[in-house]
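Residue numbering for the sequence shown follows this note's numbering, beginning at 161 and increasing consecutively.
Beneath this line is the structure, given in C-alpha coordinates, with notes to follow.
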Amino acid sequence: DSLSTSACRVQRPTNLATMIATLSVAALGLQLGGQPVPRISRVSSVEMRDPIRVAVIGGGPSGACAAEVFADAANFDCTLFERKMDNCKPCGGAIPLCMVEEFALPPEIVDRRVRKMKMISPTGREGDVGRTLK
(Lines of atoms letter the chains of each structure in order from A and count residues from 1; the text may use other names and numbers.)
(Lines give C-alpha, C1' and ligand atoms only; values in the text may rest on other atoms or scores of the structure.)
Protein backbone atom coordinates (compact mmCIF):
# COMPACT_ATOMS: atom_id res chain seq x y z
CA ASP A 1 0.00 0.00 0.00
CA SER A 2 1.00 3.64 -0.32
CA LEU A 3 1.95 6.14 2.35
CA SER A 4 0.67 9.69 2.07
CA THR A 5 2.99 12.65 2.51
CA SER A 6 2.51 16.35 2.06
CA ALA A 7 4.71 16.33 -1.05
CA CYS A 8 3.92 13.06 -2.82
CA ARG A 9 2.85 9.47 -2.45
CA VAL A 10 5.49 6.91 -1.59
CA GLN A 11 5.24 3.15 -1.94
CA ARG A 12 5.75 1.20 1.28
CA PRO A 13 9.32 -0.14 1.18
CA THR A 14 9.38 -3.79 0.13
CA ASN A 15 12.96 -4.55 1.15
CA LEU A 16 15.56 -3.31 3.61
CA ALA A 17 17.58 -1.39 1.01
CA THR A 18 14.54 0.56 -0.12
CA MET A 19 13.54 1.25 3.48
CA ILE A 20 17.02 2.54 4.34
CA ALA A 21 17.07 4.80 1.27
CA THR A 22 13.63 6.17 2.14
CA LEU A 23 14.58 6.75 5.76
CA SER A 24 17.86 8.39 4.72
CA VAL A 25 16.09 10.91 2.53
CA ALA A 26 13.50 11.56 5.22
CA ALA A 27 16.08 12.00 7.96
CA LEU A 28 18.17 14.42 5.94
CA GLY A 29 15.10 16.41 4.98
CA LEU A 30 13.95 16.61 8.58
CA GLN A 31 17.41 17.59 9.84
CA LEU A 32 18.21 20.19 7.19
CA GLY A 33 14.79 21.62 6.40
CA GLY A 34 14.29 22.43 2.74
CA GLN A 35 12.00 20.61 0.35
CA PRO A 36 9.30 18.28 1.67
CA VAL A 37 10.54 14.71 1.63
CA PRO A 38 8.79 11.36 1.89
CA ARG A 39 8.34 10.13 5.47
CA ILE A 40 7.25 6.74 6.63
CA SER A 41 4.16 7.53 8.67
CA ARG A 42 3.45 4.04 9.93
CA VAL A 43 5.66 1.02 10.31
CA SER A 44 4.45 -2.25 11.73
CA SER A 45 6.02 -3.61 14.91
CA VAL A 46 7.25 -6.60 12.91
CA GLU A 47 9.29 -4.32 10.64
CA MET A 48 10.84 -2.42 13.57
CA ARG A 49 11.46 -5.38 15.92
CA ASP A 50 15.25 -5.39 15.40
CA PRO A 51 17.46 -2.32 15.07
CA ILE A 52 17.83 -1.21 11.47
CA ARG A 53 21.47 -1.17 10.38
CA VAL A 54 22.35 1.97 8.42
CA ALA A 55 25.61 2.51 6.53
CA VAL A 56 26.51 6.10 5.69
CA ILE A 57 29.22 6.34 3.04
CA GLY A 58 31.39 9.46 3.27
CA GLY A 59 31.99 11.77 6.21
CA GLY A 60 31.52 15.09 4.44
CA PRO A 61 28.83 17.55 5.56
CA SER A 62 25.89 15.51 4.24
CA GLY A 63 27.23 12.15 5.37
CA ALA A 64 28.16 13.43 8.82
CA CYS A 65 24.72 15.03 9.19
CA ALA A 66 22.96 11.82 8.10
CA ALA A 67 25.08 9.74 10.48
CA GLU A 68 24.24 12.10 13.35
CA VAL A 69 20.51 11.86 12.61
CA PHE A 70 20.57 8.06 12.62
CA ALA A 71 22.89 7.85 15.65
CA ASP A 72 20.41 9.93 17.66
CA ALA A 73 17.32 8.07 16.37
CA ALA A 74 15.79 5.18 18.26
CA ASN A 75 16.06 1.68 16.78
CA PHE A 76 18.91 2.46 14.35
CA ASP A 77 22.46 1.11 14.38
CA CYS A 78 24.48 3.55 12.27
CA THR A 79 28.04 3.17 10.94
CA LEU A 80 29.85 5.99 9.12
CA PHE A 81 32.42 4.88 6.52
CA GLU A 82 35.14 7.29 5.37
CA ARG A 83 37.56 6.21 2.65
CA LYS A 84 40.65 8.16 3.61
CA MET A 85 41.27 8.95 7.27
CA ASP A 86 45.03 9.63 7.14
CA ASN A 87 44.50 13.21 5.96
CA CYS A 88 41.08 13.77 7.45
CA LYS A 89 40.05 17.39 7.09
CA PRO A 90 36.28 17.88 6.89
CA CYS A 91 35.72 20.15 3.90
CA GLY A 92 39.36 21.19 4.07
CA GLY A 93 38.43 22.86 7.33
CA ALA A 94 36.08 25.31 5.63
CA ILE A 95 32.31 25.58 5.65
CA PRO A 96 30.08 28.46 4.55
CA LEU A 97 29.48 30.97 7.34
CA CYS A 98 25.73 30.39 7.13
CA MET A 99 26.35 26.79 8.22
CA VAL A 100 27.89 27.90 11.54
CA GLU A 101 24.36 28.77 12.68
CA GLU A 102 22.77 25.83 10.82
CA PHE A 103 24.95 23.30 12.65
CA ALA A 104 24.81 25.26 15.94
CA LEU A 105 28.60 25.47 16.08
CA PRO A 106 30.00 27.40 19.03
CA PRO A 107 31.61 30.69 17.88
CA GLU A 108 34.89 29.91 19.65
CA ILE A 109 35.69 27.07 17.21
CA VAL A 110 35.61 29.41 14.19
CA ASP A 111 39.26 30.09 13.39
CA ARG A 112 38.84 32.56 10.50
CA ARG A 113 35.98 34.06 8.54
CA VAL A 114 36.50 34.20 4.78
CA ARG A 115 35.07 37.37 3.24
CA LYS A 116 36.23 36.79 -0.34
CA MET A 117 38.09 34.17 -2.34
CA LYS A 118 39.37 33.40 -5.80
CA MET A 119 38.31 30.12 -7.38
CA ILE A 120 40.62 28.66 -10.04
CA SER A 121 39.41 25.74 -12.14
CA PRO A 122 41.67 22.93 -13.38
CA THR A 123 41.59 24.60 -16.81
CA GLY A 124 42.92 27.85 -15.32
CA ARG A 125 39.70 29.88 -15.43
CA GLU A 126 39.41 32.24 -12.47
CA GLY A 127 36.42 33.61 -10.63
CA ASP A 128 36.17 35.96 -7.67
CA VAL A 129 33.69 35.08 -4.94
CA GLY A 130 32.73 37.65 -2.37
CA ARG A 131 29.28 39.11 -2.79
CA THR A 132 27.60 35.87 -1.73
CA LEU A 133 29.66 35.48 1.45
CA LYS A 134 28.43 36.93 4.75
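Glycine included, each C-beta is placed from N, C-alpha and C at the ideal position.
Asked	Found
Start-to-end residues for the alpha helix (DSSP H) that takes in Ala234	Neither: Ala234 is in no alpha helix (DSSP H) and is coded neither H nor E.
Endpoints, beta strand (DSSP E) assigned at Arg272	Note, Arg272: premise wrong, no beta strand (DSSP E); not H, not E.
Simplified DSSP state of Phe241, which is helix, strand or coil	strand
Three-state secondary structure (DSSP) of Ala226	helix
Contact under 9 Å by Cβ, Pro221 with Met277	no
Pair within 9 Å by beta-carbon distance, Phe241 and Ile212	no
Beta-carbon gap between Val289 and Met279 smaller than 9 Å	yes
Close Cβ partners of Pro267 (< 8 Å) along its chain, the five nearest in sequence each way excluded	Val260
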